[in-house]
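First residue of the sequence shown? That's 3 in the working numbering, and the numbers climb one at a time after it.
Glycine is no exception: its CB is placed at the ideal position from the N, C-alpha and C atoms.
Data block below; observations after.
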Amino acid sequence: MNTPARCIWPGNDPLYIDYHDNEWGVPEHNDPKLFELLILEGFQSGLSWITILRKRENFRAAFVQFDAQTLSMWSDAQLAQCLENSGIIRNRLKIEAVRTNARAFIQIQEKFGSFDRFIWDYVEQHPITNQFTEQKDLPAQTDLSVRISKDLKKLGFKFVGPTICYSFMQAAGLVNDHLTSCYCYKK
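Here you go:
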């Protein structure tokens, strides 16, 4: 069986390949999924994405399937319990940001009708399709991710710097950064 040409970053790891082939860069419009991606990208800061993928089910269990309504009402004690959970990244500031971000996420939903509508307005409801031929050409951030980061911070979000926002844009399909040689580029 021929292996399709794909971006080089997933390497040979089956979990990474599945994520690359079926999730990364696919336009996401489901608010709970967008919230999950935003939170996980914040946890990924300073780490590799494969580390987060390997712990994703643990994160989902620890953070009640990323239910923003529930998380917005969590007590300090509930957040502190997550610091004891070896199945997730135990960074106190990132864990505390989950509740903060859940509250900000809900405020956006109330103001704009959905987080989906809010975030996709930045790209006029259509993914930006880049035409990179080499992995080294992919940016870590863009002017747009800087703008989104500033806006999210003004709205109360934490761990949403420009690089995190660009990674979120890639993961949620707001931008297609598959290499032009990758079979997913035209999907």
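Rounded to the nearest whole angstrom, the CA to CA distance from residue 167 to residue 46 is 12 Å. For residue 6, the number of other beta carbons within 10 angstroms of its own is below 16, and it is reported as exposed. Looking at the DSSP output, residue 177 shares a beta bridge with 130. Distance from the CA atom of residue 34 to the CA atom of residue 70, rounded to whole angstroms, is 7 Å.
In the three-state reduction of the DSSP assignment, residue 137 falls in the helix class, which pools H, G and I. The alpha-carbon of residue 165 is positioned some 31 Å away from that of residue 79. Its chain contains 72, 73 as the residues whose beta carbon lies nearer than 7 Å to that of residue 66, once the 5 sequence neighbours on both sides are disregarded; these appear in chain order. In terms of Cα proximity to residue 177, the closest of 18, 154, 146 is 146.
The continuous alpha helix (DSSP H) containing residue 21 extends over residues 16 to 24.
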